[in-house]
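Engineer: In this text, residue positions in the sequence shown follow the working numbering: the first is 5, and each later residue adds one. Backbone N, C-alpha and C fix where the C-beta goes; we use that ideal spot for every residue, glycine too. Keep in mind it's a predicted model, so treat the numbers as computed, not measured. Please find one structure pasted underneath; my questions will follow.
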Amino acid sequence: MDEATQDAAVRAADRLARRLAEAGCRFAFGIPGGEVLVLIDALEAAGIRFVLAKHETAAGFMAEATWHRTGAPGILVATVGPGLSNAVNVVANARLDRVPLIVLAGCVDADDALTYTHQVIDHARLLEPAIKAAYTLTPQSADLITERALSAAVDGRPGPVLIDLPVKVAGATAPGARHHRRTPPSPAAPAAGPALERARGWLERAERPLLIAGFDAVLDDAGDALRAFVERHRVPVIQTYKAKGL
C-alpha cells in the first residue's frame with residue numbers, strides 16, 4: 005500500500021490526533037470509556053501519550069500544567085455524559101484562567117441517541133457558559149474541525165473548546181487531509197480615537213492613579229511595556245495573584 009493510499013484510509017480519530025500532535029500536543033489526560041477507546045488508540049498512534057487520571061477534574065488540571073510547561077494546548081479526554089459532567093469545574097476554571105484546553109468527549113451517534121438514552125446529555129449545552137466554541141467531528145472535515153478548534157482555543161483570549169466525537173465517526177474512514185493551517189492574528193495595537201484620548205485625559209488629571217496588572221498582561225508578555233508605562237507616568241502598580249512575577 006503506497007503512502008497516498010495509507011493516508012486516504014485513516015480514521016477520523018487519526019486525523020484529529022495527528023493535527024493535535026502537529027500543534028505540539030504530547031500528552032492527553034482523562035478516564036477511558038467505551039466511547040473514547042478508538043480516540044485513545046489514535047492519540048497514542050500519533051505520539052500523544054494518554055495518561056490515566058482518577059477523576060476528570062484532576063485530568064483537566066494536569067492538562068493545564070502541560071500548557072504552562074510546553075505552550076501547547078492541553079488535552080482532556082472524557083467519556084459520554086457523567087464523564088464529561090465531572091469535568092465542568094475544570095473547564096470553567098480554564099475559561100477563567102485563559103487556558104487553551106481541548107476537551108475531547110466521546111458521544112453517542114446522532115441516530116442512536118434517538119432511542120438510546122443511557123447517560124446521554126447535550127455536552128455543548130452543558131459546557132456552553134464555560135467554553136469558547138463547540139464542534140462535532142465528522143469524517144469529511146475532521147482535520148478542518150480540529151484546526152478551527154485549535155484556533156478558537158489559542159487566538160485572542162485563550163480558553164477551552166469542546167470537540168464531540170461520535171462513536172461511529174471516530175472509527176470511520178476519513179478522506180484525504182484538507183490542509184488548511186491557521187494564520188496567527190496580527191498583534192493588536194491601541195487605535196487612536198476619542199476613547200484613547202479620553203483615557204489619557206483621565207490619567208493626566210488623576211490625583212492618585214493606580215495601575216492594576218492582571219493575567220492578560222502575562223499572556224501578552226507585556227512586562228517590558230508595563231514597566232516603561234509606569235516609569236514614564238510614575239504610577240504605582242499592584243498585581244492580581246495570577247500576574248505575580250510579571
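Cα separation between Ala217 and Val14?
Structural biologist: Roughly 47 Å between the two C-alpha positions.
Engineer: Note down, one range per segment and in chain order, each beta strand (DSSP E) of at least 3 residues found wholly within the segment 70-119.
Structural biologist: Qualifying beta strand (DSSP E) stretches, in chain order: 78-82, 105-111.
Engineer: Looking only at C-alpha atoms, which of Asp18, Phe65, Glu68 sits nearest to Asp45?
Structural biologist: The shortest Cα separation from Asp45 among Asp18, Phe65, Glu68 belongs to Asp18.
Engineer: By DSSP, does Leu141 sit in helix, in strand, or in coil?
Structural biologist: Three-state result, Leu141: coil.
Engineer: Provide the residue span of the alpha helix (DSSP H) that contains Asp45, from first to last.
Structural biologist: Its alpha helix (DSSP H) spans residues 41-49.
Engineer: Using alpha carbons as the reference points, say which of Phe65, Lys172, Arg209 lies closest to Arg99.
Structural biologist: Arg99 has its Cα closest to that of Phe65, out of Phe65, Lys172, Arg209.
Engineer: Buried or exposed for His127, going by 16 or more other Cβ atoms inside 10 Å?
Structural biologist: By the 10 Å Cβ count, His127 comes out buried.
Engineer: Looking at C-alpha atoms only, which residue of Ile242, Leu169, Thr74 is the closest neighbour of Ala16?
Structural biologist: Measuring from the Cα of Ala16, the nearest candidate turns out to be Leu169.
Engineer: At the level of alpha carbons, what is the spacing between Glu7 and Ala178?
Structural biologist: Confidence at Glu7 is low in this model, with a pLDDT of 49, below 50, so its placement is unreliable and the value that follows should be read with caution. Using only the alpha carbons, I get a separation of about 15 Å.
Engineer: Applying the 10 Å Cβ sphere with the 16-neighbour rule, what's the burial state of Lys136?
Structural biologist: Burial call: buried.
Engineer: What are the boundary residues of the alpha helix (DSSP H) that Ile149 is part of?
Structural biologist: 146-158 is the span of the alpha helix (DSSP H), which, as asked, contains Ile149.
Engineer: Which whole runs of the alpha helix (DSSP H) in the segment 207-234 are 4 residues long or more, in chain order?
Structural biologist: For the segment 207-234, whole alpha helix (DSSP H) runs of length 4 or above, ordered along the chain, are 219-223.
Engineer: Name the two residues that bound the continuous beta strand (DSSP E) containing Leu169.
Structural biologist: Taken as a continuous stretch (DSSP letters only), the beta strand (DSSP E) holding Leu169 covers 165-170.
Engineer: Which runs of the beta strand (DSSP E) spanning at least 3 residues fall entirely within the segment 9-33, listed in chain order?
Structural biologist: With a minimum length of 3 residues, no continuous beta strand (DSSP E) run stays inside the segment 9-33.
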